[in-house]
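Asker: Top line first, the protein sequences correspond to chains H and W.
For the first sequence, this note's numbering gives the first residue as 41, with consecutive numbering after it.
For the second sequence, this note's numbering gives the first residue as 41, with consecutive numbering after it.
Backbone N, C-alpha and C fix where the C-beta goes; we use that ideal spot for every residue, glycine too.
A quick note: this is a predicted structure, and the numbers were derived from the prediction, not measured.
2 protein chains.
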Amino acid sequence: MKLQLQIRMNEDLFLRNPEGSELGKKIIKHSIQLIYKNGFEAFTFKKLAEDIGTTEAGVYRYFENKHRLLLYLTSWYWGWLEFQIGFCTNNIKDPNTRLRRVIKLLASKVEDDEDTSHVNESLLHSIVISEGSKAYLTNHVAEDNQHHFFKPYKDLCGVVGNIISECNPRYKYPRSMATTIIEMAHFQNFFMHNLPSLTDFGKKKEETEVIAFLNDLVFSSIKRV
Amino acid sequence: MKLQLQIRMNEDLFLRNPEGSELGKKIIKHSIQLIYKNGFEAFTFKKLAEDIGTTEAGVYRYFENKHRLLLYLTSWYWGWLEFQIGFCTNNIKDPNTRLRRVIKLLASKVEDDEDTSHVNESLLHSIVISEGSKAYLTNHVAEDNQHHFFKPYKDLCGVVGNIISECNPRYKYPRSMATTIIEMAHFQNFFMHNLPSLTDFGKKKEETEVIAFLNDLVFSSIKRV
DNA sequence: TAAAAATAATAGTAATACTATCATTTTTGG
DNA sequence: CCAAAAATGATAGTATTACTATTATTTTTA
Numbered sequence: 041m042k043l044q045l046q047i048r049m050n051e052d053l054f055l056r057n058p059e060g061s062e063l064g065k066k067i068i069k070h071s072i073q074l075i076y077k078n079g080f081e082a083f084t085f086k087k088l089a090e091d092i093g094t095t096e097a098g099v100y101r102y103f104e105n106k107h108r109l110l111l112y113l114t115s116w117y118w119g120w121l122e123f124q125i126g127f128c129t130n131n132i133k134d135p136n137t138r139l140r141r142v143i144k145l146l147a148s149k150v151e152d153d154e155d156t157s158h159v160n161e162s163l164l165h166s167i168v169i170s171e172g173s174k175a176y177l178t179n180h181v182a183e184d185n186q187h188h189f190f191k192p193y194k195d196l197c198g199v200v201g202n203i204i205s206e207c208n209p210r211y212k213y214p215r216s217m218a219t220t221i222i223e224m225a226h227f228q229n230f231f232m233h234n235l236p237s238l239t240d241f242g243k244k245k246e247e248t249e250v251i252a253f254l255n256d257l258v259f260s261s262i263k264r265v
Numbered sequence: 041m042k043l044q045l046q047i048r049m050n051e052d053l054f055l056r057n058p059e060g061s062e063l064g065k066k067i068i069k070h071s072i073q074l075i076y077k078n079g080f081e082a083f084t085f086k087k088l089a090e091d092i093g094t095t096e097a098g099v100y101r102y103f104e105n106k107h108r109l110l111l112y113l114t115s116w117y118w119g120w121l122e123f124q125i126g127f128c129t130n131n132i133k134d135p136n137t138r139l140r141r142v143i144k145l146l147a148s149k150v151e152d153d154e155d156t157s158h159v160n161e162s163l164l165h166s167i168v169i170s171e172g173s174k175a176y177l178t179n180h181v182a183e184d185n186q187h188h189f190f191k192p193y194k195d196l197c198g199v200v201g202n203i204i205s206e207c208n209p210r211y212k213y214p215r216s217m218a219t220t221i222i223e224m225a226h227f228q229n230f231f232m233h234n235l236p237s238l239t240d241f242g243k244k245k246e247e248t249e250v251i252a253f254l255n256d257l258v259f260s261s262i263k264r265v
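1. Taking W/Arg264 as the query, report the chain H residues whose CB atoms sit under 7 Å from its CB, ordered along the chain.
2. So which residues on chain H does W/Arg215 lean against when the C-beta distance must stay under 8 Å?
3. Would you decide whether W/Thr239 is buried or exposed? Buried here means 16 or more other CB atoms lie within 10 Å of its CB.
4. Return the CA-CA distance between H/Ser260 and H/Ser216, expressed in angstroms with no decimal places.
5. May I have a chain-ordered list of the alpha helix (DSSP H) segments no shorter than 4 residues that lie completely inside the region 126-190 of chain H?
6. Can you confirm whether W/Asn179, when its beta carbon is compared against all beta carbons of chain H, has any partner nearer than 8 Å?
7. Keeping to the same chain, check which residues put their C-beta closer than 8 Å to that of H/Thr84; ignore five residues upstream and five downstream.
8. Beta carbons nearer than 7 Å to chain H: which residues of the region 76-109 of chain W have them?
9. Taking C-alpha atoms, which residue in W/Thr248, W/Tyr102, W/Thr129 lies nearest to W/Leu63?
10. Between the C-alpha atoms of W/Ala182 and H/Asn234, what's the straight-line distance to the nearest angstrom?
11. When you compare the CB positions of W/Lys69 and W/His158, do they come within less than 8 Å of one another, or not?
12. Report the neighbours of W/Gln228 on chain H: residues whose CB is nearer than 7 Å to its CB, in chain order.
13. Classify H/Gly82: buried if its beta carbon has 16 or more other beta carbons within 10 angstroms, exposed otherwise.
14. Determine, for W/Asn136, whether the minimum Cβ-Cβ distance to residues of chain H falls below 8 Å.
15. Is the distance from the Cβ of H/Ser162 to the Cβ of H/Asp152 below 8 Å?
16. Would you say W/Leu113 faces chain H, with C-beta separation under 8 Å as the test?
17. Less than 8 Å between the C-beta atoms of W/Ser170 and H/Leu177, yes or no?
18. Grab me the residues of W/Gln124's own chain with a C-beta within less than 7 Å of its C-beta, minus the 5 sequence neighbours each way, in chain order.
19. Determine the DSSP secondary structure at W/Ser61, reduced to helix, strand or coil.
20. Does the region 43-55 of chain H come into contact with the region 184-203 of chain H, if we say contact requires no fewer than three beta-carbon pairs (one atom in each stretch) closer than 8 Å?
21. For the alpha helix (DSSP H) holding W/Gly98, just list the boundary residues, first then last.
22. Should H/Gly60 be labelled buried (16 or more other beta-carbon atoms within 10 Å of its own) or exposed?
23. Please state whether the Cβ-Cβ distance between W/Cys207 and W/Ile143 is less than 8 Å.
24. Could you give the distance in angstroms between the alpha-carbon of H/Ala225 and the alpha-carbon of W/Tyr193?
25. Just curious, the alpha helix (DSSP H) that W/Gln228 is in, first and last residue?
26. Can you list, in chain order, the residues of its chain whose CB lies under 7 Å from that of W/Thr156, leaving out five sequence neighbours each side?
27. By Cβ distance, which residues of its chain are closer than 6 Å to H/Pro214, with the 5 residues on each side in sequence left out?
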């Protein structure tokens, strides 16, 4: 028997639950492929519909607009990542080890998980790197926040922040450090591949270097006397 | 006599130099106001033209599209900031003091500088916080990079990275640390005001707290034995 | 098997992101 | 000062985007 991983999503994100039908799953699958390929700005519901073989109106029955779809995808990713963190740090007592594993998870290449056939986690990871911050860098961030659209991201930051606090209860900035780790795991990766002179990883271009940087950054800060 | 500060801009960013005419200066001034007010997504050349009292075609004579205009504005800001850094750290020998001043400059509210009447630096600072990363988070980042559109940002990171290396020549990640400081100065500010639970500054909401966090982050990393 | 729900097909609108043309005004070099 | 050049204004037009609406058809389900 196959375990089916289901991420519980905020119902206000969609008009009709895409997990509940074949068409819905196709919308998720193909939107990931298209955004990965052309970027979020060039992505339209018309192109998506053509790609799937349905009509524009068909997509609009599931998502109000493409920003909601982006919020759906990033939320899914953060939820999935929190699950992975829970799995990977389970039964490990030492918070330092847990934190190191979290950093590794955040900054490593993601492998596609066969349990969720309509979501290609590897592509989704790339999307979150390039487009993820556009989910909240909008003029309607306050409104979206009232809809609790950023809860998965906040929950993840909370989990990471708590581990940091466990490592050193006297460290004063566990939340800001958590967001710094998460954002920098992605930004350093983006810069390494696209604007390498902004990083110190230009030659090898390997995630292990980002991981080493983040470990150094975090542990020297929270371990300071 | 009044000193006129001029930032040298990459000429590929515009079709006609906006500094060279009244209309051009109006385009800069009003685009800053409009993007500040409505966000970059809602900003169009039509609305800008109406705001100024010219026509859409008039704006298109200066900028190819609104992304180029955003690149122009952010480039201007990074150039201006590098000048401020040069000014503020001039004649100071101790690199630690210089670095502390840089962090303060990066994370503090900006006051409008009367020397550049068509640029409201305070509003532009807000724009760079909310929209700045959209300048490079695009599918055409490689192409834009070939046009050297990110040079001002890279130069700034270079300057900050060099100060970090002066503080500790053995520190392994001066560039990545520089981008981390710059990005986090803005992101922590954005989160503090819009998604405060992601930070540790929710109650007071003051830049001094972001500055304290960044100082702690940077100096514990680079001063480690 | 009839009702309900979902989808497909088609059409239409307002706004966006441009390009083109030509007349008028402003600038500037001789 | 005047003519040529440059910049601006006014207007028009196109393809695409971001939707909404309607109706017919297919699929699901009670």
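Answerer: The structure says:
1. Your numbering for residue 264 of chain W matches position 224 in the second sequence. Neighbours of W/Arg264 on chain H, chain order: Ser260.
2. The residue given as residue 215 of chain W occupies position 175 in the second sequence. Residues of chain H passing the Cβ test: Ser237, Leu238, Thr239, Asp240.
3. Counting from 1 along the second sequence, the entry for residue 239 of chain W is found at position 199. Flag for W/Thr239 reads buried.
4. Taking the first residue of the first sequence as position 1, residue 260 of chain H is located at position 220. Taking the first residue of the first sequence as position 1, residue 216 of chain H is located at position 176. Between H/Ser260 and H/Ser216, the C-alpha separation is close to 15 Å.
5. 135-147, 161-171, 181-186
6. Locating residue 179 of chain W in the second sequence gives position 139, where the first residue counts as 1. Closer than 8 Å to some Cβ of chain H, the Cβ of W/Asn179 qualifies, so yes.
7. Along the first sequence, read from residue 1 onward, the residue named residue 84 of chain H stands at position 44. Only Lys106 meet the Cβ criterion.
8. Asn78, Gly79, Glu81, Ala82
9. Translated into positions along the second sequence, residue 63 of chain W becomes position 23. The option with the nearest alpha carbon to W/Leu63 is W/Tyr102.
10. What you label residue 182 of chain W is simply residue 142 of the second sequence in a count that begins at 1. What you label residue 234 of chain H is simply residue 194 of the first sequence in a count that begins at 1. For W/Ala182 and H/Asn234, the distance between alpha carbons rounds to 7 Å.
11. Taking the first residue of the second sequence as position 1, residue 69 of chain W is located at position 29. Taking the first residue of the second sequence as position 1, residue 158 of chain W is located at position 118. Contact: yes.
12. In the second sequence, residue 228 of chain W corresponds to position 188, counting from 1. Ordered by position in chain H, the residues that pass the 7 Å Cβ test against W/Gln228 are Ser216.
13. In the first sequence, the residue the question calls residue 82 of chain H occupies position 42. Reading off the sequence shown, one finds Ala at residue 82 of chain H, where the question assumed Gly. Answer is exposed; the Cβ neighbour count stays below 16.
14. Your numbering for residue 136 of chain W matches position 96 in the second sequence. Not one chain H Cβ lies under 8 Å of W/Asn136.
15. For the purposes of this step, residue 162 of chain H is taken as residue 122 along the first sequence, with counting starting at 1. For the purposes of this step, residue 152 of chain H is taken as residue 112 along the first sequence, with counting starting at 1. The answer is yes: Cβ separation under 8 Å.
16. As a first step, residue 113 of chain W is located in the second sequence; it is residue number 73 there, counting from the start. Taking Cβ atoms only, chain H never reaches closer than 8 Å to W/Leu113, which makes this a no.
17. Counted from its first residue, the second sequence places residue 170 of chain W at position 130. Counted from its first residue, the first sequence places residue 177 of chain H at position 137. Cβ distance < 8 Å, so W/Ser170 and H/Leu177 count as in contact.
18. For the purposes of this step, residue 124 of chain W is taken as residue 84 along the second sequence, with counting starting at 1. So the list reads Leu145, once near-sequence residues are dropped.
19. Translated into positions along the second sequence, residue 61 of chain W becomes position 21. Reduced to three states, the DSSP call for W/Ser61 is coil.
20. yes
21. The sequence position of residue 98 of chain W within the second sequence is 58, counting from 1. Element bounds for W/Gly98: 96-100.
22. Numbered from its first residue, the first sequence carries residue 60 of chain H at position 20. H/Gly60 should be labelled exposed.
23. Start at 1 with the first residue of the second sequence, and residue 207 of chain W comes out as number 167. Start at 1 with the first residue of the second sequence, and residue 143 of chain W comes out as number 103. For W/Cys207 and W/Ile143, no; Cβs fall outside 8 Å.
24. Taking the first sequence and counting its residues from 1, the one referred to as residue 225 of chain H is at position 185. Taking the second sequence and counting its residues from 1, the one referred to as residue 193 of chain W is at position 153. Going from the Cα of H/Ala225 to the Cα of W/Tyr193 covers about 20 Å.
25. Here residue 228 of chain W corresponds to residue number 188 of the second sequence, with the count starting at 1. From DSSP, the alpha helix (DSSP H) with W/Gln228 extends over 214-234.
26. For the purposes of this step, residue 156 of chain W is taken as residue 116 along the second sequence, with counting starting at 1. Here the set comprises Leu45.
27. Translated into the one-based positions of the first sequence, residue 214 of chain H becomes position 174. These residues qualify, in order along the chain: Gly201, Ile204, Ser205.
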